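Residue numbers (this note's numbering): 109 to 405. Have a look at the structure below, then the notes.
Right under this line is the structure:
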């Protein structure tokens, strides 16, 4: 049997355009935009991110590009964040309905009781993302998400066994509805990579690592530890504390990298700075290592 997504994939391959200026496809022969609209669109894209004009549209990635992305010290902390930062809430969210069933709720009630946490996470995630964008700050906003989870996990550990189902449900709901900062970290990677190819490789690497962390998180709760998962929650608290350290260390690394660049940049004359910024070939080659580029943290 052919999966229903296969025809959609084939249709998308024939229909989706290659670029804003090349929108004619096999299924759509008429251009999407007028020439004036294309000019306006390209100018807005390049004004938002000039680095997008440094890479040709169909320029292939090489092993050197992959190596540069993987060996960039400004990305290592974000990769480690992707591995560990989401683990503390993963088992609580994954076992939410099962935990509620074991606490005595019916199947229907257990399913309905997952709705508040989903709604809460939508609200907290969007609020945190808007705040991060408004204040142009990343690390402490992500740390807020971890600080939201840690005391709740400790509370879950200290609740006595037996009874208190609604108290336990409230704590589990608050944990599951924590401010999910994955969108912030994804944009953090996008901001700090500078060039398009490194951005694509780093984002893909980060997302793969996040899935590995999710797989690890799903193995924390064990059958012998049910129904209160005391040992599993202890592990989650430990990983949460480690994640806080990773965020702080990574932020400090970016601060030091910026200071190192600033010292060299301040020692240059105005003529040297102008010549440095006028070298387009070096600009593409250096990427986020450039002296006039500052990491966001």
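C-beta atoms are modelled at their ideal positions from N, C-alpha and C, and glycine is treated no differently. Here the structure is a predicted model, which means the values were calculated and not measured.
For residue 273, the uninterrupted alpha helix (DSSP H) run begins and ends at 273-284, by DSSP. In this structure, the beta-carbon distance from residue 197 to residue 286 falls below 7 Å. Per DSSP, the continuous alpha helix (DSSP H) segment holding residue 254 begins and ends at 247-266. The C-beta distance from residue 396 to residue 301 rounds to 6 Å, short enough to meet the 8 Å contact threshold. Scanning its chain for C-beta atoms nearer than 6 Å, with the 5 sequence neighbours on each side dropped, one finds around residue 191 the residues 317, 321, in chain order. If you draw a straight line from the Cα of residue 362 to the Cα of residue 403, it comes to about 6 Å.
In the structure shown, residue 239 adopts helical secondary structure according to DSSP, grouped into three states.
By the 16-neighbour rule on beta-carbons within 10 angstroms, residue 194 is buried. When 155, 248, 239 are compared, the shortest CA-CA separation from residue 359 is found for 248. The C-alpha of residue 136 lies about 25 Å from the C-alpha of residue 152. Per the coordinates, the alpha-carbon of residue 124 lies some 9 Å from the alpha-carbon of residue 132. When the five nearest sequence neighbours on each side are left out, the beta carbons in the same chain lying within less than 6 Å of the beta carbon of residue 228 are those of 285, in order along the chain.
Going by DSSP, residue 293 is part of the alpha helix (DSSP H) stretching over 290-301.
In the structure shown, the three-state DSSP call for residue 182 is helix.
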